[in-house]
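A.B. asks:
2 protein chains.
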Amino acid sequence: MPDLLSAAAEPNRRRILQLLASGPHTVTEVAANFPVTRSAISQHLGVLAEVGLVTHRKQGRQRFYEVLPDGMARLRAEMDRFWTDELAQFTADAHALPHRTFTDWERPT
Amino acid sequence: MPDLLSAAAEPNRRRILQLLASGPHTVTEVAANFPVTRSAISQHLGVLAEVGLVTHRKQGRQRFYEVLPDGMARLRAEMDRFWTDELAQFTADAHALPHRTFTDWERPT
DNA sequence: GCAATACGTTAGCCGTGACTAACGCATTCG
DNA sequence: CGAATGCGTTAGTCACGGCTAACGTATTGC
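Heads up: the sequence lines are chains L and X, in that order.
Sequential numbering of the first sequence, starting at 64, is according to my numbering.
Sequential numbering of the second sequence, starting at 64, is according to my numbering.
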């Protein structure tokens, strides 16, 4: 899964990101919110980690996964480029779409 | 391909959307910009049409595909919800992310 | 020490998405 | 007319993603 947008687009992974956005969660906590196996969740987390959207810190025998602010910023940037550099540039003369870039996206501390 | 975001996330389809954003193009025109077969492009356009992102109008023996403003607005709305309703709501107290919604997205006329 | 917990990892299944090659159908042109 | 163009459609391949079940591993608690 080399593509950042494709990785984040998958429905279950989107929900995982949403969940992790509320703060660090263990794998079992995350899996509790999904109808699939903990193994599936673990693999999804692996994909998200692979593209740098999440990371984890060990604490005892648990792994607290958390959103990686830098990765979320990159995701946000790619989504922004999808509209600005690639789409809105053709429509710039039509509506001059105002647009903000959220490179300062962060998890709650 | 029932999911709008997943449909739009596919790299080739993203590029197709970018290309169509510059105005209506025939299938062969689109296919000329890709290393894959015209058949593959045709199927990609089928997917994009299925989720309501593009449409086409016949003109002689050509099919001019064009971006569907309403569909693009829905895509934009879903992407916005991904950050606001689902992600930013957890971080709202942290940064109170400002956010715009572009429901008025349109193709150049 | 041993059992239980919280994971990751692997094998394997299954669906499906992306693709090509071939065909079929309209449309235009000669 | 027929040939060529511009498509869609289909069959069929291939790879891969998502998933489960089973197992292996570290950590905690008894």
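Where a beta carbon is used, it is the ideal one built from N, C-alpha and C, also for glycine.
Is the closest heavy atom of the ligand FMN to the C-beta of Leu67/X under 7 angstroms?
C.D. replies: In terms of ligand content, the structure shown is empty, and the ligand FMN therefore cannot be addressed.
A.B. asks: Starting from Gln249/X, follow its DSSP beta bridges and name the residues at the other end.
C.D. replies: An answer regarding residue 249/X cannot be provided, because it is not within the stretch 64 to 172 covered by chain X.
A.B. asks: If you follow the alpha helix (DSSP H) that Ser69/L is part of, which residue opens it and which one closes it?
C.D. replies: It spans Leu67 to Ala72 - the alpha helix (DSSP H) in which Ser69/L sits, taken as one unbroken run.
A.B. asks: Could you check whether the Cβ of Asp66/X sits closer than 8 angstroms to any Cβ belonging to chain L?
C.D. replies: Yes, Asp66/X counts as interfacial toward chain L.
A.B. asks: Are the beta-carbon atoms of Glu129/X and Pro87/X separated by less than 8 angstroms?
C.D. replies: It is a contact, given that the beta carbons lie within the stated cut-off.
A.B. asks: Examine chain L for any beta-carbon lying closer than 8 angstroms to the beta-carbon of Pro87/X, and answer yes or no.
C.D. replies: No - not a single Cβ of chain L is within 8 angstroms of the one on Pro87/X.
A.B. asks: What does the Cβ neighbour count give for Gly134/X, buried or exposed, with the cut at 16 atoms within 10 Å?
C.D. replies: Burial call: buried.
A.B. asks: Nearest chain L C-beta to Arg137/X closer than 8 angstroms, yes or no?
C.D. replies: So, not an interface residue.
A.B. asks: Since Glu73/X meets chain L, which of its residues come closer than 8 angstroms, beta carbon to beta carbon?
C.D. replies: Simply Ser69.
A.B. asks: In terms of DSSP beta bridges, what is His88/X paired with?
C.D. replies: The partner list for His88/X (beta bridge, DSSP) reads Tyr128/X.
A.B. asks: Can you confirm whether Phe145/X, when its beta carbon is compared against all beta carbons of chain L, has any partner nearer than 8 angstroms?
C.D. replies: Chain L contact via Cβ: present.
A.B. asks: Could one say the Cβ of Arg77/L lies closer than 8 angstroms to chain X's Cβ atoms, at least one of them?
C.D. replies: It does; some Cβ of chain X falls within 8 angstroms.
A.B. asks: If you follow the alpha helix (DSSP H) that Gly115/X is in, where does it begin and where does it stop?
C.D. replies: Segment: none, Gly115/X is in no alpha helix (DSSP H) and carries neither H nor E.
A.B. asks: Name the residue from Gly109/X, Thr89/X, Ile79/X and Ser69/X whose alpha carbon lies nearest to the alpha carbon of Gly123/X.
C.D. replies: Answer by Cα proximity: Thr89/X.
A.B. asks: Using 8 angstroms as the Cβ pair cut-off and three pairs as the minimum, do the stretch 74-84 of chain L and the stretch 92-106 of chain L touch?
C.D. replies: Counting Cβ pairs under 8 angstroms, three or more are found: they touch.
A.B. asks: My assumption, with CB atoms under 8 angstroms, is that Ser69/L sits in contact with Glu73/X. Please give the rounded CB distance.
C.D. replies: Indeed they touch by this definition, with Cβ atoms about 7 angstroms apart.
A.B. asks: Using the Cα positions of Glu113/X and Leu131/X, report the straight-line distance between them to the nearest angstrom.
C.D. replies: Using only the alpha carbons, I get a separation of about 11 angstroms.
A.B. asks: Just to confirm, are Asn75/L and His119/L a CB contact at a threshold of 8 angstroms?
C.D. replies: Result no, Cβ atoms of Asn75/L and His119/L do not sit closer than 8 angstroms.
A.B. asks: Between the beta-carbon of Gly115/L and the beta-carbon of Arg144/L, is there less than 8 angstroms?
C.D. replies: Contact: no.
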